[in-house]
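Residue numbers (my numbering), protein chains in the order written: chain A, 1 to 385; chain B, 386 to 512.
Every residue, glycine too, gets a C-beta built ideally from N, C-alpha and C.
On a predicted model such as this, the values are computed, not experimentally measured, just so you know.
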């Protein structure tokens with residue numbers, strides 16, 4: 001069981017700790033619904049240090065990345081964060097990730113916690129002269145998410161983060177909080193050019209990314225700095241309504257925005273064509289598994305992940321059957337009660353012919369058939385989509 | 386520390402039973418509601434339904450989990466608490482009062498002898 005450097009903070013804050021993907025993480029501090037609504041209304045702080053951190057670098061690494069990613073990461077400008085899938089030779093999704101070019105021959109990649117070791121082996125097996133540096137155990141990550149996130153960040157750093165656009169990253173010194181006074185040791189943070197120049201302050205990679213559908217930032221710093229950053233976010237953030245948020249609300253927040261959960265919405269047998277979103281595949285470049293996706297697309301015969309909203313009472317859950325005219329047509333992969341809509345919401349696979357918005361179906365909740373309808377994602381509008 | 390009412394009977398699955406003549410009124414304990422956290426949906430049994438001891442009487446759901454409520458006795462469902470349909474939070478606010486789930490007409494009074502006293506239940510909780 002791994003613990004993040006913030007473990008003691010979570011326990012002190014009353015976090016209910018659970019096992020998740022090999023890590024002991026807080027599922028909630030107070031109530032999942034209250035935490036969820038805090039992020040929608042003001043701002044939440046999440047420990048996401050369990051996520052992986054790779055640097056992949058060396059001559060020709062751009063071409064290598066190009067073949068492993070469904071999106072065109074290679075042609076992204078320096079500092080642009082690109083959401084992408086990695087497929088196997090059968091076109092099946094191995095993981096989803098955010099990859100960011102740090103320089104001409106250097107990329108930063110964040111795999112999911114549960115897939116970190118699998119992805120390291122997978123990328124490693126495609127390397128020639130290039131190298132992969134796995135800093136997953138050396139780096140912490142704190143997500144600050146919600147409408148007031150930019151004000152919270154402004155209380156930590158003099159870097160004008162309003163100039164860092166959605167899905168862009170910048171190296172920033174958190175020069176408005178006390179530094180522990182030592183230099184970073186990881187390949188990600190040492191020897192970088194920081195946006196606010198050389199000087200004091202905790203050094204971090206700050207990206208305008210997240211998993212909540214709200215405006216927000218993810219701060220990646222060294223383990224030794226994590227507690228200082230976390231405390232500063234919570235203390236400075238008080239004025240902006242910041243509260244600590246557990247994995248429970250992280251899951252309901254992402255589901256309201258129809259964001260995929262690795263290992264749940266895809267688990268080794270689905271393609272990017274089935275899951276979407278459509279922009280995750282850049283068809284103009286070549287990548288492993290592309291021909292399978294092209295064949296699948298031409299066949300017009302596959303199951304598609306759709307968003308369904310319950311029109312009756314009842315909460316859809318992972319594994320529940322999706323029914324139509326008395327027969328099973330699919331399966332729910334993610335389901336919950338939406339704290340914002342107060343309705344059951346679900347994502348699940350149905351045959352493509354039944355995937356049109358407005359299609360009526362039922363979700364089998366134990367012995368009850370709950371009426372539901374295919375809706376356009378996301379379930380909850382607003383924020384950054 | 387959770388509340389254990391002295392005048393009720395309990396099960397190891399954290400249900401409580403209040404004996405009202407031939408009726409067993411059933412709910413979940415304060416400990417159970419606290420473990421579940423905020424309850425957002427309650428599935429009630431139909432009145433007239435025949436249940437055996439140990440059968441699923443209903444389901445109580447939080448945002449993240451589904452928890453089954455087992456009938457501590459055999460008999461016929463005589464009443465159900467329809468207030469919980471619109472106000473599932475009553476289970477959190479008043480688990481031993483307004484948050485009752487159903488009342489079962491007893492088929493066999495002997496079922497009651499298998500239930501735990503408040504003292505035994507408190508010991509089970511280790512509080």
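Out of A:21, A:289, A:39, A:42, state which residue places its alpha-carbon closest to the alpha-carbon of residue 49 of chain A.
-> Counting from 1 along the first chain, the entry for residue 49 of chain A is found at position 49. It is A:21.
Between residue 426 of chain B and chain A, is there a C-beta pair that is closer than 8 Å?
-> For this step, residue 426 of chain B is matched to residue 41 along the second chain. Output row for residue 426 of chain B: interface = yes.
Determine the chain B residues that contact residue 31 of chain A at a beta-carbon separation under 8 Å, and present them in chain order.
-> Here residue 31 of chain A refers to the residue found at position 31 when the first chain is read from its first residue. The answer, in chain order, is 422, 423.
Candidates A:297, A:245, A:104, A:296: which alpha carbon is nearest residue 65 of chain A's?
-> In the first chain, the residue the question calls residue 65 of chain A occupies position 65. Of A:297, A:245, A:104, A:296, the residue nearest in Cα terms is A:104.
Hey, is residue 454 of chain B's beta-carbon within less than 8 Å of any beta-carbon in chain C?
-> Within the model displayed, chain C is absent; protein chains A and B are what it includes.
Cα-Cα separation, residue 399 of chain B to residue 94 of chain A | Here residue 399 of chain B is taken as the residue at index 14 of the second chain, counted from 1. Here residue 94 of chain A is taken as the residue at index 94 of the first chain, counted from 1. Those two C-alpha atoms are separated by around 42 Å.
Please go through the stretch 232 to 319 of chain A and give each complete beta strand (DSSP E) segment of 3 or more residues, from N-terminal end onward.
-> 242 to 244, 303 to 310
Buried or exposed by the 16-neighbour rule on C-beta atoms within 10 Å, applied to residue 6 of chain A | Within the first chain, numbered from 1, the residue matching residue 6 of chain A stands at position 6. Residue 6 of chain A is buried by the Cβ-count criterion.
Is the beta carbon of residue 409 of chain B sitting closer than 8 Å to the one on residue 503 of chain B?
-> As a first step, residue 409 of chain B must be located in the second chain, where it is residue number 24. As a first step, residue 503 of chain B must be located in the second chain, where it is residue number 118. For residue 409 of chain B and residue 503 of chain B, no; Cβs fall outside 8 Å.
At a Cβ cut of 7 Å, what residues of the stretch 455 to 469 of chain B count as close to chain A, listed as they run along the chain?
-> none
Short Cβ contact (8 Å threshold) for residue 233 of chain A with residue 152 of chain A | Here the question's residue 233 of chain A lines up with position 233 in the first chain. Here the question's residue 152 of chain A lines up with position 152 in the first chain. Yes, they are a contact pair.
Does the stretch 387 to 402 of chain B come close enough to the stretch 492 to 511 of chain B that 3 or more CB-CB pairs lie under 8 Å?
-> yes
Where residue 485 of chain B falls: helix, strand or coil (DSSP) = Residue 485 of chain B sits at position 100 when you count from the first residue of the second chain. Looking at residue 485 of chain B - three-state DSSP - the assignment turns out to be coil, as it is neither helix nor strand.
CB contact below 8 Å: residue 478 of chain B versus chain A | Position 93 of the second chain, counted from the start, is the residue given in the question as residue 478 of chain B. It does not: the Cβ of residue 478 of chain B has no partner Cβ on chain A nearer than 8 Å.
Please confirm whether residue 456 of chain B and residue 411 of chain B have their CB atoms less than 8 Å apart.
-> Residue 456 of chain B sits at position 71 when you count from the first residue of the second chain. Residue 411 of chain B sits at position 26 when you count from the first residue of the second chain. In this structure, residue 411 of chain B lies closer than 8 Å to residue 456 of chain B by Cβ.
Step through the CB atoms of chain B and report whether any lies within less than 8 Å of the CB of residue 273 of chain A.
-> Counting from one through the first chain, the residue named residue 273 of chain A turns up at place 273. Not one chain B Cβ lies under 8 Å of residue 273 of chain A.
Going along chain B in order, which residues have a C-beta closer than 7 Å to the C-beta of residue 252 of chain A?
-> Along the first chain, one-based indexing puts residue 252 of chain A at 252. By Cβ distance, chain B contributes 448.
Entirely enclosed beta strand (DSSP E) segments - the stretch 23 to 58 of chain A, minimum 3 residues = 23 to 28, 43 to 47, 54 to 57
Identity of the residue in A:86, A:144, A:274, A:170 nearest residue 250 of chain A by Cα = By one-based count along the first chain, residue 250 of chain A stands at place 250. Nearest C-alpha to residue 250 of chain A: A:144.
As assigned by DSSP and simplified to three states, the class of residue 512 of chain B = Your numbering for residue 512 of chain B matches position 127 in the second chain. In the structure shown, residue 512 of chain B sits in coil (DSSP, three-state: anything other than H, G, I, E or B).
Alpha-carbon to alpha-carbon, residue 394 of chain B and residue 51 of chain A = One-based indexing of the first chain puts residue 51 of chain A at position 51. One-based indexing of the second chain puts residue 394 of chain B at position 9. Straight-line Cα distance between these residues: approximately 47 Å.
Which residues DSSP lists as bridging residue 145 of chain A, in chain order | In the first chain, the residue the question calls residue 145 of chain A occupies position 145. Looking at the DSSP assignment, residue 145 of chain A forms a beta bridge with A:44, A:216.
Measuring alpha carbon to alpha carbon, tell me which of A:196, A:134, A:184, A:306 ends up nearest residue 159 of chain A.
-> Along the first chain, one-based indexing puts residue 159 of chain A at 159. Considering only alpha carbons, the answer is A:196.
Same chain, Cβ closer than 7 Å to residue 451 of chain B, neighbours up to 5 away in sequence not counted = Taking the first residue of the second chain as position 1, residue 451 of chain B is located at position 66. Around residue 451 of chain B: 444.
Short-range partners of chain B found in the stretch 306 to 329 of chain A, where Cβ spacing is below 8 Å = 313, 314, 315, 317
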